[in-house]
Amino acid sequence: MLSDESALEDEPASVESGKDLFQQMIRQSSADVVQEGWSRIVRFEVKTVSEQAPRHKIQPLTLLPVSPRQKPPETAHVDPKQIAAFITSGGRKAVVKILRALRDRGVNSDAVRLFEEALAEAMQSTRREPSSKNLRPANQSDSFVDRARRLDATGRTDLALDLLYDAIDQMLREARFEELDAIIAGLPIAECSLNLLLGFLTATLPARTRLPVRPRFFAEVKTELQNRGEFEEGLLTGLE
Amino acid sequence: MDRVFSQQERPLSEMRWAAVAIKAVNPNQRHIGILHRDPSSGVLLLDLAWHHQLRNAPPSSKYVWIAPDIPAPRLRQVAARCRQVVRANPGAIPYGFSPPNDCFDEQTGKFLLGPTRHGLTCATFVLAVFQLVGLKLIRFESWPTERPSDCEWQQAVISALESSNPPASPEHVQAIKNEVGNVRFRPEEVAAAATVSPLPAEFEICAERADGILQRLETA
């Protein structure tokens, strides 16, 4: 789960066509690891982006029907920039799912092709416009922290935890310990819920000896929870 | 026994975020897994059913469940980790007798719940997932080694792996043959551990309460 920008920058530079892009996305997002919750996360993300950035207005009727229970879109007119707004690695998985849903339900091939082309254009245009103006190194993962906090704040705590666990697990697998350490150091503890704080402590536990900041983070979380009156016996046992 | 419920006594809807569940497969074999509350699918049972068979589905009514004395917010993390384990290991956890502790390689940053460990049993899988979230159900070092009946059971598993359809690879079979004699954590002992407070549980009390678990399974 990288930021949109970093995810794109990690990829090969040229995408010849929507078909190539689709194949590329398939390779990067094995169907086996497509997470069920992503459809809901993406729908939430699209809605949030739509509300917060009117200039990138999302057309909900086009992007919302991701759930298997919902009717698939009949057309796929999507502004490339709208899609670029949510192409994270998780977003790519969701896009693969959308494309599959379109195909599985017999949506005409022109609509599928339009969708693929729009995605290809989005990827290309984002590459041409690297939005690194305000991009600090830690921002690569700030995005997952921010998203998790947004999901949690709107009552989708389990989705927030799914996002958090996947993002941290990926960083650990890639041995990005310093980056993760920086993220932990920058976490606004007072603004995070009990569940998110426990999520950070739990997800980072396997790499505790590789994260120098973590002991201080643990102590600060304990103090914060005590101050909030949310601390109870056994709550942090084993998370040191 | 406190904290142990049949589904008739207490439906799974009353379960907090996560619990341990056990059932009798036959008079000599029990099976154990982790119940977890999934936000979209309700209560699911995550269990290592057999070699490369990680299941995540609604449990049958035959399971007896145990509500461990763990704060609810921590159990919510267990549930989150269960979902993550499913996503990260689609059918990829082999069956074997590897120990359930330290399932993460701190040097490489890679999870060892996969090809770099030979495999887990249903019971060590439960222990490993709890351990992964910082919750030790048992005190590993208190468990007896090389109980004769455990070695027999391990040999029987190897035979079953060799004759299953499809059979386990010769390399895998050879690898776990080398693990015969490893400590065995029996399903009923792990279930019994979940009744103990505070955790982690010592072998002695687990062995004692395991008998009670077996009795409950007979009447469930």
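Chain order of the listed sequences is V and R.
Using the numbering used here, you'd call the opening residue of the first sequence number 34 and step up by one each time.
Using the numbering used here, you'd call the opening residue of the second sequence number 791 and step up by one each time.
By construction, the Cβ of each residue, glycine as well, lies at the ideal position given by its N, Cα and C atoms.
### Any non-hydrogen atom of the ligand SAH closer than 7 Å to Ser-932 of chain R Cβ
For the structure depicted, the ligand SAH is absent and the ligand set is empty, with no information on it obtainable.
### Supposed close pair Ala-918 of chain R, Val-980 of chain R - CB separation, criterion 8 Å
On the second sequence, residue 918 of chain R is found 128 positions in, with the first residue counted as 1. On the second sequence, residue 980 of chain R is found 190 positions in, with the first residue counted as 1. Not really, about 11 Å apart at Cβ, beyond 8 Å.
### Task
Output the distance between the C-alpha atoms of Leu-802 of chain R and Val-833 of chain R, rounded to the nearest integer angstrom.
Walking along the second sequence from the start, residue 802 of chain R turns up at place 12. Walking along the second sequence from the start, residue 833 of chain R turns up at place 43. Taking the straight line joining both Cα atoms gives about 7 Å.
### Query
From Asn-968 of chain R to Glu-942 of chain R, what distance separates their C-alpha atoms?
Taking the second sequence and counting its residues from 1, the one referred to as residue 968 of chain R is at position 178. Taking the second sequence and counting its residues from 1, the one referred to as residue 942 of chain R is at position 152. Taking the straight line from one Cα to the other gives about 14 Å.
### Message
At 4 residues or longer, what runs of the alpha helix (DSSP H) sit wholly inside the segment 802-880 of chain R?
### Response
862-878
### Query
CB-CB under 7 Å to Ala-1010 of chain R, same chain, minus the five flanking residues each way: which ones, in chain order?
For the purposes of this step, residue 1010 of chain R is taken as residue 220 along the second sequence, with counting starting at 1. Counting only Cβ-Cβ distances below 7 Å, and skipping sequence neighbours, we find Ser-796, Lys-852, Val-854.
### Query
Which class does Ile-1003 of chain R belong to by DSSP, given the choice of helix, strand or coil?
As a position in the second sequence, residue 1003 of chain R is number 213, starting the count at 1. Helix, per DSSP.
#### Entry: Nearest-angstrom beta carbon gap, Pro-884 of chain R and His-842 of chain R [assumed within contact, 8 Å]
Mapped onto the second sequence, residue 842 of chain R falls at position 52. Mapped onto the second sequence, residue 884 of chain R falls at position 94. So it is a contact: roughly 6 Å between Cβ atoms.
### Buried versus exposed call for Ala-252 of chain V [16 or more other C-beta atoms within 10 Å across all chains shown]
Residue 252 of chain V sits at position 219 when you count from the first residue of the first sequence. Burial state of Ala-252 of chain V is exposed, judged by a 10 Å Cβ sphere holding fewer than 16 other Cβ atoms.
### Segment limits, alpha helix (DSSP H) that includes Leu-229 of chain V
Within the first sequence, the letter at position 196 stands for residue 229 of chain V. First-last of the alpha helix (DSSP H) with Leu-229 of chain V: 227-237.
### Task
Using 10 angstroms around the beta-carbon of Val-815 of chain R, count the other beta-carbons present and answer buried if the total reaches 16, otherwise exposed.
Working through the second sequence from its first residue, we reach residue 815 of chain R at position 25. When all chains shown are included, Val-815 of chain R counts as exposed.
### Task
Can you tell me the Cβ-Cβ gap for Pro-934 of chain R and Phe-975 of chain R, rounded? I've got them flagged as a contact below 8 Å.
As a first step, residue 934 of chain R must be located in the second sequence, where it is residue number 144. As a first step, residue 975 of chain R must be located in the second sequence, where it is residue number 185. About 11 Å; that fails the 8 Å criterion.
### Cα-Cα separation between Ser-961 of chain R and Pro-221 of chain V, rounded to whole angstroms
The residue labelled residue 961 of chain R in the question sits at position 171 within the second sequence. The residue labelled residue 221 of chain V in the question sits at position 188 within the first sequence. Note that residue 961 of chain R is Glu in the sequence shown here, rather than Ser. C-alpha separation (whole angstroms): 49 Å.
### Query
Does the distance from the CB of Leu-910 of chain R to the CB of Ser-888 of chain R come in under 8 Å?
As a working note, residue 910 of chain R is residue 120 in the second sequence. As a working note, residue 888 of chain R is residue 98 in the second sequence. Yes, these two residues count as a Cβ contact at 8 Å.
### Query
Relative to the alpha-carbon of Arg-907 of chain R, which residue among R:Lys-926, R:Gly-924, R:Pro-956, R:Gly-886 has its alpha-carbon at the smallest distance?
Taking the first residue of the second sequence as 1, we reach residue 907 of chain R at position 117. For the residues R:Lys-926, R:Gly-924, R:Pro-956, R:Gly-886, the minimum Cα distance to Arg-907 of chain R belongs to R:Gly-886.
### Query
Going by the CB atoms, is the gap between Ala-218 of chain V and Val-254 of chain V shorter than 8 Å?
As a first step, residue 254 of chain V is located in the first sequence; it is residue number 221 there, counting from the start. As a first step, residue 218 of chain V is located in the first sequence; it is residue number 185 there, counting from the start. No; because the gap between Cβ atoms is not below 8 Å, this pair is not in contact.
### Query
On the three-state DSSP scale, how would you describe Val-794 of chain R?
Translated into the one-based positions of the second sequence, residue 794 of chain R becomes position 4. If DSSP states are grouped into helix, strand and coil, Val-794 of chain R belongs with the strands.
### Task
Give the range of the alpha helix (DSSP H) segment to which Asn-260 of chain V is assigned.
Position 227 of the first sequence, counted from the start, is the residue given in the question as residue 260 of chain V. Its alpha helix (DSSP H) spans residues 247-261.
### Query
Residues of chain V with a CB under 7 Å from the CB of Gln-867 of chain R: which are they?
For the purposes of this step, residue 867 of chain R is taken as residue 77 along the second sequence, with counting starting at 1. Going along chain V in sequence order, the residues near Gln-867 of chain R (Cβ under 7 Å) are Leu-231, Gly-232, Thr-235.
### Query
Taking Gln-945 of chain R as the reference, which of R:Ile-966, R:Leu-1004, R:Ser-954 has the closest Cα?
For the purposes of this step, residue 945 of chain R is identified with residue 155 of the second sequence, where counting begins at 1. For Gln-945 of chain R, the nearest C-alpha among the options comes from R:Ile-966.
### Task
Check the C-beta distance from Ala-878 of chain R over to Trp-807 of chain R and give it rounded, since I have them as a contact under 8 Å.
The sequence position of residue 878 of chain R within the second sequence is 88, counting from 1. The sequence position of residue 807 of chain R within the second sequence is 17, counting from 1. Incorrect: roughly 19 Å between the Cβ atoms, too far for contact.
### Query
Which of the three DSSP states, helix, strand or coil, is assigned to Ala-134 of chain V?
The sequence position of residue 134 of chain V within the first sequence is 101, counting from 1. Of the three classes helix, strand and coil, the one that applies to Ala-134 of chain V here is helix, per DSSP.
### Query
Cα-Cα, which of R:Asn-972, R:Ser-949, R:Ile-948, R:Asp-792 is closest to Glu-936 of chain R?
Locating residue 936 of chain R in the second sequence gives position 146, where the first residue counts as 1. Of the residues R:Asn-972, R:Ser-949, R:Ile-948, R:Asp-792, the one whose Cα lies closest to the Cα of Glu-936 of chain R is R:Asn-972.
### Glu-212 of chain V: first and last residue of the uninterrupted alpha helix (DSSP H) it sits in
Along the first sequence, read from residue 1 onward, the residue named residue 212 of chain V stands at position 179. Per DSSP, Glu-212 of chain V is one residue of the alpha helix (DSSP H) stretching across 210-218.
#### Entry: Residues of the segment 903-929 of chain R with Cβ closer than 7 Å to any Cβ of chain V, in chain order
Leu-922, Val-923, Gly-924, Leu-925, Lys-926
#### Entry: Any chain R beta carbon closer than 8 Å to Asn-260 of chain V
Translated into positions along the first sequence, residue 260 of chain V becomes position 227. It does not; no Cβ of chain R falls within 8 Å.
### Query
Are any of the Cβ atoms in chain V nearer than 8 Å to that of Ile-883 of chain R?
Counting from one through the second sequence, the residue named residue 883 of chain R turns up at place 93. So no, Ile-883 of chain R is outside the interface.
### Task
Determine the closest residue to Pro-1015 of chain R out of R:Gln-798, R:Gln-819, R:Glu-799, with distance taken between C-alpha atoms.
Chain R is shown only over 791 to 1010; residue 1015 of chain R falls outside these bounds and no answer can be derived.
### Query
Any idea if Arg-871 of chain R is buried or exposed, counting beta-carbon neighbours within 10 angstroms, 16 or more meaning buried?
Looking up residue 871 of chain R in the second sequence gives position 81. Result: buried.
#### Entry: Inter-residue spacing [alpha-carbon to alpha-carbon] between Leu-269 of chain V and Asn-228 of chain V
Position 236 of the first sequence, counted from the start, is the residue given in the question as residue 269 of chain V. Position 195 of the first sequence, counted from the start, is the residue given in the question as residue 228 of chain V. C-alpha separation (whole angstroms): 12 Å.
### Query
Hey, would you say Ala-991 of chain R sits closer than 8 Å to Ala-997 of chain R, going by beta carbons?
Along the second sequence, read from residue 1 onward, the residue named residue 991 of chain R stands at position 201. Along the second sequence, read from residue 1 onward, the residue named residue 997 of chain R stands at position 207. Against a cut-off of 8 Å, the Cβ pair of Ala-997 of chain R and Ala-991 of chain R comes out as no contact.
### Query
Looking at C-alpha atoms only, which residue of R:Ser-953, R:Lys-813, R:Asp-859, R:Ser-959 is the closest neighbour of Ala-1000 of chain R?
As a first step, residue 1000 of chain R must be located in the second sequence, where it is residue number 210. Ala-1000 of chain R has its Cα closest to that of R:Lys-813, out of R:Ser-953, R:Lys-813, R:Asp-859, R:Ser-959.
### Query
Since Leu-197 of chain V and Phe-177 of chain V are thought to touch, with beta carbons under 8 Å apart, how far apart are those beta carbons, to the nearest angstrom?
As a working note, residue 197 of chain V is residue 164 in the first sequence. As a working note, residue 177 of chain V is residue 144 in the first sequence. At roughly 7 Å, the Cβ-Cβ gap stays under 8 Å, so Leu-197 of chain V and Phe-177 of chain V are in contact.
### Task
Kindly say whether Ala-870 of chain R, judged by its beta-carbon, lies nearer than 8 Å to any beta-carbon of chain V.
By one-based count along the second sequence, residue 870 of chain R stands at place 80. Cβ-Cβ to chain V under 8 Å: yes for Ala-870 of chain R.
#### Entry: C-beta neighbour in chain R for Gly-267 of chain V, strict 8 Å
Position 234 of the first sequence, counted from the start, is the residue given in the question as residue 267 of chain V. Chain R contact via Cβ: present.
### Query
DSSP state of Ala-1078 of chain R, grouped into three classes?
The question about residue 1078 of chain R has no answer, for chain R in this structure spans 791 to 1010.
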